[in-house]
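Chains A and B supply the protein sequences, listed in that same order. The numbering used here applies: residue 170 is where the first sequence begins, and numbers increase by one. The numbering used here applies: residue 2 is where the second sequence begins, and numbers increase by one. Using N, Cα and C, we set each Cβ at its ideal position, and we do this for glycine too.
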Amino acid sequence: NAGVTQTPKFQVLKTGQSMTLQCAQDMNHNSMYWYRQDPGMGLRLIYYSASEGTTDKGEVPNGYNVSRLNKREFSLRLESAAPSQTSVYFCASSFGTGNEKLFFGSGTQLSVL
Amino acid sequence: QKEVEQNSGPLSVPEGAIASLNCTYSDRGSQSFFWYRQYSGKSPELIMFIYSNGDKEDGRFTAQLNKASQYVSLLIRDSQPSDSATYLCAVKGMDSNYQLIWGAGTKLIIKP
């Protein structure tokens with residue numbers, strides 16, 4: 170009964186390095202999301218995938234790419250990390266994009282030096 | 002730009018009292034309103050949601066909407082120390098099929 174599984178939990182990168190955050194859900198949800206959470210700010214949507222095979226930009230997509238590998242998995246890639254990307258990243262899923270009961274993963278604390 | 006505003010707190014409430022959390026939103030066409038709870042170092046979890054047509058009560062929690070003044074409230078009755086957390090308000094606009102607009106959250110502390 171894992172729900173949304175997100176890896177890694179912590180990561181430190183140097184400026185310019187790349188990395189991929191992995192996310193998988195076992196609830197047969199159609200929609201998946203990547204958010205970032207910064208102190209004093211609300212959650213901001215980076216990218217979302219309404220259904221398998223589709224991805225769309227959210228509020229803050231610059232510097233990120235995503236892949237909806239299959240219905241279960243949705244990864245987030247930072248091609249060239251920047252200090253401004255230091256944040257806590259959350260993956261989430263829901264049955265549909267109209268269903269706002271979001272189920273969140275445990276988060277990734279990313280620091281870019 | 003559509004916004005959701007919350008007082009960052011902390012809001013300190015004695016155990017057993019009523020905690021009242023508020024959230025204002027700028028989009029008058031907003032259709033649905035959500036309250037998520039986030040414990041320190043953890044991920045958000047949904048507590049309640051309401052649509053623009055009415056309030057909702059669930060156990061110790063009540064969500065109320067004031068459309069005229071564009072704010073939504075979360076009331077927690079008989080507050081418990083386990084209610085200490087940050088409460089995030091999220092709003093879905095009429096023209097958005099996917100994107101919630103999130104407030105930065107209010108930190109609630111329940112004092113024993």
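- Closest by C-alpha distance to R205 (chain A), out of A:S263, A:Q194, A:S249 and A:L190, is A:L190.
- Under DSSP, S256 (chain A) forms a beta bridge with A:L279.
- In this structure M210 (chain A) is exposed. Its beta-carbon is surrounded by fewer than 16 other beta-carbon atoms within 10 angstroms.
- In this structure, the straight-line span from the alpha carbon of G104 (chain B) to that of L238 (chain A) is close to 31 Å.
- Among the CB atoms of chain B, none fall inside 7 Å of the CB of E242 (chain A).
- Rounded to whole angstroms, D56 (chain B) and V14 (chain B) show a C-alpha spacing of 23 Å.
- For L47 (chain B), the nearest beta carbon of chain A is closer than 7 Å to its own beta carbon.
- The alpha carbon of E228 (chain A) has as its nearest neighbour, out of A:D195, A:W203 and A:E269, the alpha carbon of A:W203.
- Proximity of S53 (chain B) to chain A, defined by a Cβ-Cβ separation below 7 Å, is not satisfied.
- Annotated three-state conformation of S83 (chain B) is helix, per DSSP.
- The C-alpha of K240 (chain A) lies about 24 Å from the C-alpha of N231 (chain A).
- Under DSSP, P15 (chain B) takes part in a beta bridge, and its partners are B:K112.
- Close CB contacts of F243 (chain A) within its chain, under the 6 Å cut and outside five residues either way in sequence, are with C192, M201, S218 and R237 (chain order).
- At a cut-off of 7 Å between beta-carbon atoms, G104 (chain B) makes contact with chain A.
- Of all residues in the segment 197 to 215 of chain A, those with a C-beta nearer than 7 Å to a C-beta of chain B are G209, M210, G211, L212 and L214, reading in chain order.
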